[in-house]
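As structure tokens, the structure follows; a few thoughts come after it.
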Amino acid sequence: DLQREVAALYKLVGAAVGTMSAQQVCGSVVALACLSGRDKAFCTPRQEGPAPALAVALQRRLLDGDLVGRLGGREVLELVWGLAKLRSPDRAVMDRIAACLLVGGILEELSPSEVAGTAGA
Numbered sequence: 011d012l013q014r015e016v017a018a019l020y021k022l023v024g025a026a027v028g029t030m031s032a033q034q035v036c037g038s039v040v041a042l043a044c045l046s047g048r049d050k051a052f053c054t055p056r057q058e059g060p061a062p063a064l065a066v067a068l069q070r071r072l073l074d075g076d077l078v079g080r081l082g083g084r085e086v087l088e089l090v091w092g093l094a095k096l097r098s099p100d101r102a103v104m105d106r107i108a109a110c111l112l113v114g115g116i117l118e119e120l121s122p123s124e125v126a127g128t129a130g131a
């Protein structure tokens, strides 16, 4: 059954989240968002289960050791896009992303079209 296999995969990834770099967390959020759009077995509904638990673990990792501050501009946009697609962004993560964009100088790296494309998510 695909849902059981996906749940097992999410648990394995969830166990490794604590050792992931900022780029690995960002890539995992984007991958989870893409997979969620392809098959409902990968979805992250706002309820308990392996998919939302993984989304929460990935977001907590971003706050651990200020990993958000280690991301480049395009990575931050990919992260925001992924979190928007998952419909489960954590307020503290989004506040940290906003601070990085505004204070960290990341916003200057980005073109208006890149920012607009992400805002459309």
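According to the working numbering, the sequence shown holds residues 11 to 131 in order. The beta carbon of each residue, even a glycine, is placed where N, CA and C say it ideally should be.
query, result
"Exposure of Arg106, with buried meaning 16 or more beta-carbon neighbours within 10 Å", "buried"
"Beta-carbon gap between Gly47 and Lys95 smaller than 9 Å", "yes"
"Where Asp105 falls: helix, strand or coil (DSSP)", "helix"
"Sub-9 Å separation of Val86 and Cys110 beta-carbons", "yes"
"Span separating the alpha-carbon of Arg14 from that of Leu22", "12 Å"
"Separation of Pro62 from Glu124, as counted between CA atoms", "27 Å"
"Pick from Leu93, Leu120, Ala51 that is closest to Gly82, judged by C-alpha positions", "Leu120"
"Segment limits, alpha helix (DSSP H) that includes Glu88", "83-96"
"Three-state secondary structure assigned by DSSP to Val35", "helix"
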